[in-house]
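Here the protein sequences come in this chain order: U and G.
Mind the numbering: the first sequence is residues 17 to 153 in the numbering used here, read in order.
Mind the numbering: the second sequence is residues 17 to 153 in the numbering used here, read in order.
Glycine included, C-beta positions come from ideal geometry on N, C-alpha and C.
Protein chains: 2
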Amino acid sequence: MMIDYASLLKKSDLKATFQRISILKDIDTKGHSSIDDIYDEVVKVYPSLSLATVYKNIILMVEKSVLVEVPIVGKKSKYELIKDDHIHLICTQCEEVEDRPYNRNTDTIFNTISQEQNFQLEKQQINLYGICSVCQV
Amino acid sequence: MMIDYASLLKKSDLKATFQRISILKDIDTKGHSSIDDIYDEVVKVYPSLSLATVYKNIILMVEKSVLVEVPIVGKKSKYELIKDDHIHLICTQCEEVEDRPYNRNTDTIFNTISQEQNFQLEKQQINLYGICSVCQV
DNA sequence: CTCTGTGCAAAGCGTTTGCAAACGA
DNA sequence: TCGTTTGCAAACGCTTTGCACAGAG
């Protein structure tokens, strides 16, 4: 958190507009945000924001590998900043997503499977769906 | 494969129509199909099929836990028959999805993480994205 | 100053809905 | 026969697009 979003954008040949920085800040602060989450949040501090601008920028930042799409069963995708591989705990009740680090074996397992299948691994997404501690009454 | 789809449907209080059986057969044969895959296939043997019927039935069969949605980064979801936990190898080139069984450690890892986080695990989806052996020139 | 990015409104599509007719049990 | 399911066409809502203006570098 508290990354220099402007540098992050420039590194990817994207101009550091207030809209883009606000989008990144929202995602970074929350961890995972949907398009609507982002729009609702950023429009508060920048009322003239257009939803189309959010769409355009998310698409662009995913292409540039600044963001990663996290598709979720039965809901709209969320987006997160690119980061080390990790596990998602996705609450089916409150829809929050929490990250947990891989343990030492996790990587090995997936690499082994990929090698056995002669599969050229590019990206991995481990999603555990369930009820988070907060929602368990 | 070659399951008794009619019984499967009746077990879930769904009438065994030709449309539903054909949808299940397509998914079971291919392993994983998108809505459009299914429509394109079934309409061949049942030309009066409506796309709306496919949508309605997929939604229904997911609710009844006959099918499971597999959301995929940057593409439309695919659907599979419900089955034991497994890993998806998703080819980013040809879009094929292949299943691989969990090895002995996989379950342990996810159960451990869930317990540590007091997370009530309901469902898990492990997706490995990359290039399948066929597409590696 | 130049080229990129934004906002707006319209267009485009995938998905859902309502209803009469057809069908399964 | 009765309740469910289907097909059609319309409605919906999310996403994308084109273009003139604004803004970053």
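Given that ASN145 (chain U) touches chain G, what residues does it touch there, using C-beta distances under 9 Å?
-> Working through the first sequence from its first residue, we reach residue 145 (chain U) at position 129. Strictly speaking, residue 145 (chain U) in this sequence is Tyr, with Asn absent from that position. Residues of chain G passing the Cβ test: LEU137, GLU138, LYS139, GLN140, GLN141.
Margin query: Considering just the uninterrupted stretch of the beta strand (DSSP E) at LEU144 (chain U), what are its terminal residues?
Written below: Position 128 of the first sequence, counted from the start, is the residue given in the question as residue 144 (chain U). Run containing LEU144 (chain U): 136-147, per the beta strand (DSSP E) assignment.
**Report entry** Residue burial classification, GLY146 (chain G) (beta-carbon count within 10 angstroms, cutoff 16)
**Finding:** If you number the second sequence from 1, residue 146 (chain G) lands on position 130. GLY146 (chain G) is buried by the Cβ-count criterion.
Worksheet item: Using a Cβ-Cβ distance under 8 Å, would VAL70 (chain G) count as near chain U?
Response: Position 54 of the second sequence, counted from the start, is the residue given in the question as residue 70 (chain G). Answer no: the Cβ-Cβ gap between VAL70 (chain G) and chain U never drops below 8 Å.
Requested in this report: Compile a chain-ordered list of the residues in the region 84-95 of chain U whose CB is closer than 9 Å to at least one CB of chain G.
Outcome: VAL84, GLU85, VAL86, PRO87, ILE88, VAL89, GLY90, LYS91, SER93
Quick test of your reading: TYR71 (chain U) and LEU40 (chain U), contact by CB under 8 Å. State the CB separation rounded to the nearest angstrom. As a position in the first sequence, residue 71 (chain U) is number 55, starting the count at 1. As a position in the first sequence, residue 40 (chain U) is number 24, starting the count at 1. No, TYR71 (chain U) and LEU40 (chain U) are not in contact; Cβ-Cβ is about 15 Å, not under 8 Å.
_Below 7 Å on C-beta distance, what does ILE103 (chain U) contact in chain G?_
Taking the first residue of the first sequence as 1, we reach residue 103 (chain U) at position 87. Result: ILE129.
- Task: Would you grab the beta carbon distance between LYS92 (chain U) and SER50 (chain U) for me? Rounded to a whole angstrom, and I think it's under 8 Å.
- Result: Sequence index remark: in the first sequence, residue 92 (chain U) carries index 76 (1-based). Sequence index remark: in the first sequence, residue 50 (chain U) carries index 34 (1-based). Going by Cβ atoms, the distance from LYS92 (chain U) to SER50 (chain U) rounds to 5 Å, so yes, they are a contact pair.
Are CYS148 (chain U) and GLU112 (chain U) touching if we call contact CB-CB under 8 Å? Your numbering for residue 148 (chain U) matches position 132 in the first sequence. Your numbering for residue 112 (chain U) matches position 96 in the first sequence. Yes.
Contact belief for THR108 (chain U) with GLU132 (chain G) at Cβ below 8 Å, rounded distance in angstroms: Looking up residue 108 (chain U) in the first sequence gives position 92. Looking up residue 132 (chain G) in the second sequence gives position 116. About 19 Å separates the two Cβ atoms, so there is no contact after all.
Chain G residues whose Cβ lies nearer than 7 Å to that of ARG116 (chain U) = On the first sequence, residue 116 (chain U) is found 100 positions in, with the first residue counted as 1. Simply ILE129, GLN133.
Original post:
If we count the other Cβ atoms within 10 Å of its Cβ and call it buried at 16 or more, is SER130 (chain G) buried or exposed?
Top reply: The residue you call residue 130 (chain G) lines up with position 114 of the second sequence. The residue is buried, with at least 16 neighbouring Cβ atoms inside 10 Å.
TODO: Decide if LEU83 (chain G) is buried, meaning its Cβ has at least 16 other Cβ atoms within 10 Å, or exposed.
DONE: Translated into positions along the second sequence, residue 83 (chain G) becomes position 67. So LEU83 (chain G) ends up on the buried side.
Margin query: Between which two residues does the beta strand (DSSP E) holding LEU105 (chain G) run?
Written below: One-based indexing of the second sequence puts residue 105 (chain G) at position 89. Element bounds for LEU105 (chain G): 102-107.
message = Quick check on this structure: which residue in U:LYS46, U:MET77, U:THR45 has the alpha carbon closest to the alpha carbon of SER28 (chain U)?
response = The sequence position of residue 28 (chain U) within the first sequence is 12, counting from 1. Cα-wise, what sits closest to SER28 (chain U) is U:MET77.
Could you check whether the Cβ of ASN73 (chain G) sits closer than 8 Å to any Cβ belonging to chain U?
Here residue 73 (chain G) refers to the residue found at position 57 of the second sequence. For ASN73 (chain G), the answer is no, since every Cβ of chain U falls outside 8 Å of its Cβ.
First and last residue of the uninterrupted alpha helix (DSSP H) at TYR21 (chain U):
In the first sequence, counting from the first residue as 1, residue 21 (chain U) sits at position 5. Start and end: 21-27.
Margin query: For a test of the three-state rule: what should DSSP assign to GLU111 (chain G), helix, strand or coil?
Written below: In the second sequence, the residue the question calls residue 111 (chain G) occupies position 95. In the structure shown, GLU111 (chain G) sits in coil (DSSP, three-state: anything other than H, G, I, E or B).
If we count the other Cβ atoms within 10 Å of its Cβ and call it buried at 16 or more, is ARG36 (chain G) buried or exposed? Reading the second sequence from its first residue, position 20 is the one you call residue 36 (chain G). So ARG36 (chain G) counts as buried.
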